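**Student:** Using this note's numbering, you'd call the opening residue of the sequence shown number 23 and step up by one each time. Backbone N, C-alpha and C fix where the C-beta goes; we use that ideal spot for every residue, glycine too. Quick caveat: nothing in here was measured; it's all calculated off a predicted structure.
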Amino acid sequence: MSTETLTVWRFDTPEGAEETMHVLEELAREDLIDLHDAAALSWPSSTTKLRTIELHPAAGGSGGALGGSFWGLLLGFIFFVPLLGAALGTATGLISDSLSAVGIDDGFINRVRDRVTPGTSALFVLTTDSVVDSVRDMLGGRLPSDPIFTDLTDGQEAALRRVFGAGDSPVAGESAGAAAA
23 MSTETLTVWR FDTPEGAEET MHVLEELARE DLIDLHDAAA LSWPSSTTKL
73 RTIELHPAAG GSGGALGGSF WGLLLGFIFF VPLLGAALGT ATGLISDSLS
123 AVGIDDGFIN RVRDRVTPGT SALFVLTTDS VVDSVRDMLG GRLPSDPIFT
173 DLTDGQEAAL RRVFGAGDSP VAGESAGAAA A
């Protein structure tokens with residue numbers, strides 16, 4: 023069985039991640055890749071608001087396996103918890119421990135936080151490890167060469183799906199949300 027991988031590619035423009043996600047959706051519709059879930063994060067330099075776009079349900083494959091609650095928790099924890107600091111107290115530790123239990127450790131979170139800054143965007147993709155290489159080959163120069171990734175064990179993937187997913191019949195959705203930093 024292939025390993026599930028959460029990969030993040032950082033783009034130098036606020037539009038890069040969303041544009042690339044649409045290409046991935048098309049590749050999934052054509053059954054060229056099995057895209058389990060994805061979200062694009064855009065951070066224009068002129069604002070403190072982040073915009074997220076989730077994988078569209080028509081993307082094919084098992085798209086939208088985790089859904090908005092997962093992306094909301096992960097992206098909120100990466101980008102907004104540091105701003106709230108001590109106000110959250112022990113809740114921060116509980117969230118961190120929970121994410122670590124499903125393979126998303128502090129090192130991964132800190133690398134994403136350090137690299138995704140105003141004026142950039144990031145594409146978060148959940149796939150099998152073999153798909154990451156295929157995506158890189160198909161998209162060539164469109165993808166940045168230095169992705170941030172974490173491999174998830176079968177148990178961690180199952181835990182993610184239990185908490186955030188819809189089991190064997192995932193429901194995907196598209197949302198454009200913004201939150202002030």
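#1: Nearest by alpha-carbon distance to L165: which of R135, E52, T35 is it?
#2: Please confirm whether L57 and T74 have their CB atoms less than 8 Å apart.
#3: Whole angstroms is fine: what's the gap from V157's alpha carbon to W31's?
#4: Can you have a look at G18 and say buried or exposed, based on whether 16 or more other CB atoms are within 10 angstroms of its CB?
#5: If you draw a straight line from the alpha carbon of T70 to that of A60, how long is it in whole angstroms?
#6: With distance defined between alpha-carbon atoms, name the residue in W65, L49, H44 nearest to R137.
#7: Taking all protein chains shown into account, do 16 or more other C-beta atoms lie within 10 angstroms of the C-beta of E47, making it buried, or fewer, making it exposed?
**Tutor:** Reading from the atomic positions:
#1: T35
#2: no
#3: 12 Å
#4: No information on residue 18 is available, as it lies outside the stretch 23 to 203 that the chain covers here.
#5: 22 Å
#6: W65
#7: buried
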